[in-house]
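In this note's numbering, the protein residues as written are 1 to 181. From the three backbone atoms N, C-alpha and C, an ideal C-beta is built for every residue, glycine too. Below is one structure, written out as structure tokens; the observations come after it.
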Amino acid sequence: MFKLIPLESGLNDVTGFFCGATNVGMRTNPVNSGVSDVDGDVAFIRSEAPCDISSVFTSNTFQAAPIKHYQKYPKDFQTNFLLINAKNANAMTGDKGIEDIDSIMSTLSVKQNVLNPVMSSTGVIGYRLPVDKITSAFGTLDFNASNTHEPPRASMTTDSFKKEFAYTVELEDGHSLNIAA
């Protein structure tokens, strides 16, 4: 058996992970409670080493561009980078939405050593991503930062609380590890 011990520092307590957020002006005049422009609208989570990734998606015919982009990767792929944006879901944007992600990731790869970068978008449906605004973030983000509470705040849309957790897992044999999401 194992024991879970809650941690307050999120990804800061997981060795080899970095994260942060910035505001590029996508979230203007937010109407949702608890979220403001200062919370950012573009965020990242980066790992030093490639990581296995697993996801569950809707079977809806109208999958958003980030899902379609993700599904272009081979099964059981690894990544070291997740880019998150709020205010715009990049859903119902067709092939142009996927092309926008390709463009963003191409610009990102010039700034950062990324392996199979994944994008997650949340917000209003039916609008294409503001590619120039998102790529402008790459000049201001500190990709070596460990500002663990920024990405959950930046990814909030109409949420009243941020979705994150971190635990130390103590194993029976005395070993322990930290996990966060």
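Please confirm whether residue i and residue j have their CB atoms less than 8 Å apart.
{"i": "Val-196", "j": "Ile-53", "result": "Nothing can be reported for residue 196: it is not among the residues displayed for the chain, which extend from 1 to 181."}
{"i": "Met-26", "j": "Ala-86", "result": "yes"}
{"i": "Leu-7", "j": "Ile-45", "result": "no"}
{"i": "Pro-84", "j": "Thr-135", "result": "The sequence shown places Ile at residue 84, not Pro. No, the Cβ-Cβ distance between Ile-84 and Thr-135 is not below 8 Å."}
{"i": "Thr-107", "j": "Cys-19", "result": "no"}
{"i": "Phe-81", "j": "Gln-112", "result": "yes"}
{"i": "Glu-170", "j": "Ala-181", "result": "no"}
What residue range is occupied by the uninterrupted beta strand (DSSP E) comprising residue i?
{"i": "Gly-94", "result": "Segment 94-111 is the alpha helix (DSSP H) holding Gly-94; no beta strand (DSSP E) there."}
{"i": "Tyr-167", "result": "166-171"}
{"i": "Pro-6", "result": "2-6"}
{"i": "Ala-21", "result": "17-22"}
What number of angstroms, rounded off, separates the C-alpha of residue i from the C-alpha of residue j?
{"i": "Lys-75", "j": "Glu-48", "result": "21 Å"}
{"i": "Pro-130", "j": "Ala-43", "result": "15 Å"}
{"i": "Ser-176", "j": "Asp-95", "result": "44 Å"}
{"i": "Lys-133", "j": "Leu-4", "result": "40 Å"}
{"i": "Ser-155", "j": "Ser-59", "result": "23 Å"}
{"i": "Asn-90", "j": "Met-1", "result": "42 Å"}
{"i": "Asn-88", "j": "Ser-109", "result": "22 Å"}
{"i": "Pro-152", "j": "Phe-62", "result": "26 Å"}
{"i": "Glu-99", "j": "Gly-40", "result": "24 Å"}
Terminal residues of the continuous alpha helix (DSSP H) containing residue i?
{"i": "Ala-180", "result": "Element bounds for Ala-180: not the alpha helix (DSSP H) but the beta strand (DSSP E), 176-180."}
{"i": "Ala-188", "result": "No answer is possible for residue 188: it lies beyond the span of the chain, which begins at 1 and ends at 181."}
**Report entry** Any alpha helix (DSSP H) of 4 or more consecutive residues that is wholly inside the segment 109-144
**Finding:** Those alpha helix (DSSP H) runs which fall completely within the segment 109-144 and span 4+ residues are 131-136.
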